[in-house]
Amino acid sequence: MRIKNASIALAGTAVMTVLAVTPAAATTTALPAPSLTGVLAVQKQAMDHGAPGALTRIDSGASSYRIASGTADTAAGTAMDANRRFRVGSVCKSFTTVVLMQLVAEGRVDLDAPANDYLPQALPDDRITVRHLLSHRSGLWDYTNDMFYHTVPGFEAVRNRVFSFQELIDLSTAHQPTSVPGAAYSYSNTNFVVLGQMIEHLTGVPMATHYEQRIFQPLGLRNTSYVHPRTTIGGSYARGYVRDDDTTLPLVDSTEQTVSWAQSAGAVISNSADLNRFFAAVVSGRLVPQPQLREMMNTVPVNADGTQSYGLGLRGRMLSCGVKVYGHTGTVQGYYTYAFATADGKRSMTSMANTSNNGTVNTVLAGTLEAAFCGVDPVKSGKALRSGGEAVTEDIAPGVVRH
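Numbering of the sequence shown is given in numbering that gives the first Met the number 0, commencing with residue 0 and proceeding in unit increments.
#1: Does the distance from the C-beta atom of V322 to that of T341 stay below 9 Å?
#2: Helix, strand or coil for L35, going by three-state DSSP, please let me know.
#3: Tell me the residue span of the beta strand (DSSP E) that contains L292.
#4: Which residue's Cα is closest to the Cα of T362: D116, V179, T330 and V90?
#5: For N270, count neighbouring Cβ atoms within 10 angstroms of its own Cβ and tell me buried if that reaches 16, exposed if not.
#6: Leaving aside the five residues before and after E318 along the sequence, list all residues of the same chain whose C-beta is less than 7 Å from its C-beta, in chain order.
#7: Under a Cβ-count criterion, where at least 16 other Cβ atoms within 10 Å of its own Cβ denotes burial, should D343 be classed as buried or exposed?
#8: Between which two residues does the alpha helix (DSSP H) carrying K379 extend?
#9: Are Y210 and V108 close, meaning C-beta to C-beta below 9 Å?
#10: Taking only the alpha-carbon atoms, compute the straight-line gap between L274 and I214 and give it to the nearest angstrom.
#11: Under 8 Å Cβ to Cβ from V282, same chain only, skipping five residues before and after it: list those, please.
#12: Assuming S350 contacts Y337 under a Cβ cut-off of 8 Å, what Cβ separation, rounded to an integer in Å, is found between them?
#13: Enumerate in chain order the residues of its own chain whose CB-to-CB distance from G239 is below 6 Å, with the five nearest sequence positions on each side excluded.
#14: Tell me which residues share the same chain as T231 and place their Cβ nearer than 7 Å to its Cβ, disregarding the 5 neighbours each side in the sequence.
#15: Using a Cβ distance threshold of 8 Å, determine whether the stretch 74 to 88 contacts the stretch 47 to 54, with at least three qualifying pairs required.
#16: When you compare only the Cα positions, how much space is there between P300 and V179?
#17: Return the Cβ separation of S93 and L194 in integer angstroms, given the expectation that the two are a contact with Cβ distance under 8 Å.
#18: Where does R65 fall in DSSP's three states?
#19: Go ahead and pull the three-state DSSP assignment for S224.
#20: M46 to G69, Cα distance in whole Å?
#21: Over what stretch of residues does the beta strand (DSSP E) that includes T341 continue unbroken?
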């Protein structure tokens, strides 16, 4: 086995380390080799715009690349490394989708049946189907629009609260719907809170147990957990820092929180290695049978140029080199995440920057997709900012550019 370990110092930043582990007999893929200098350039740009640190892991065949920049803990001055755990935000939606689609495969849920058939308390519109929830076409108002209208005060108000699914759903249904069911894509955390309630009501089993028995244990995801409503992250982790709406104020450490405001829409904790393994397993059919996997991967464009699309709990991204990757993005207080894999699962990539409420960092971080899958330096080529494409509403807080 050949091990390459290099430290690269870029002007005005901390030392950034790159580690690649490649067995001598490793096979190559048809994709260009990842651009590690491109990843580093994106991470530097993210830090220049306010992220304390960033990490990226690329798994390609038998090769693994781990790149980290900046700090994981600003108070302690601890360096970031690519193995640290973090809150994955809406990447959790893909975990919830896997559980739901396994129930579909077991004949316990019909995608095109009214969601109310499986819920303890009916939604206001019986036309909303399970498919509408999974594809963000239910028209249900996203309650986080109100909850985090003022980013930091909103967060502090819910940091330690424990909500029931129904309490969150009621916050949504107090508003008029954004559209009639099926009419339009409109990203809403409410959809996946409803799905969490549906799964627990239908099975009588907590979401934590479903995640553990159906995903974490079968895949050996030892750094992935769902600890709701506990507030701590175990093991080695990166602290998260949310930017105030008043950008002259210091970043707020948002690491400890219940994430009860999100639950099945965003409360999973993981690391880059586990997320890469998860999405490679999803697209290769290890977790969901082929009929249900085809439904998940049948994505519909959700932005003007068609480079971004959404299926069932799964995002699609068309990159500049013509490669389409599948996965999900995540925003939770203190963390931005991109986790994607090629359709065959042979290359996967996860990137995280430990800040939030900073749309520029989120958009810049998308450039790691170009570096990882297309082998380009997106900063030099000008793709770092463009690679985010047209903003698509996601996760939390009005005024934040989301993808």
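For every residue, glycine included, the Cβ atom is placed at its ideal position computed from N, Cα and C.
In short, the structure shows the following:
#1: yes
#2: Helix.
#3: Taken as a continuous stretch (DSSP letters only), L292 belongs to no beta strand (DSSP E), being part of the alpha helix (DSSP H) at Q289 to M296.
#4: T330
#5: buried
#6: Before going on, a small fix: residue 318 reads as Leu here, not Glu. Same-chain partners within the cutoff: V324, L368, E369, F372 and C373.
#7: exposed
#8: Its alpha helix (DSSP H) spans residues P377 to S380.
#9: No, Cβ-Cβ distance for Y210 and V108 is not below 9 Å.
#10: 11 Å
#11: L292, M296, Y325, A340, T341, A342, D343 and G344
#12: The C-beta separation of S350 from Y337 comes to about 5 Å, placing the pair in contact by the 8 Å criterion.
#13: S253, T254, G333, Y334 and N353
#14: E255
#15: yes
#16: 19 Å
#17: With a Cβ gap of about 12 Å, S93 and L194 do not count as contacting.
#18: strand
#19: S224: strand per DSSP, three-state reduction.
#20: 7 Å
#21: Y334 to T341
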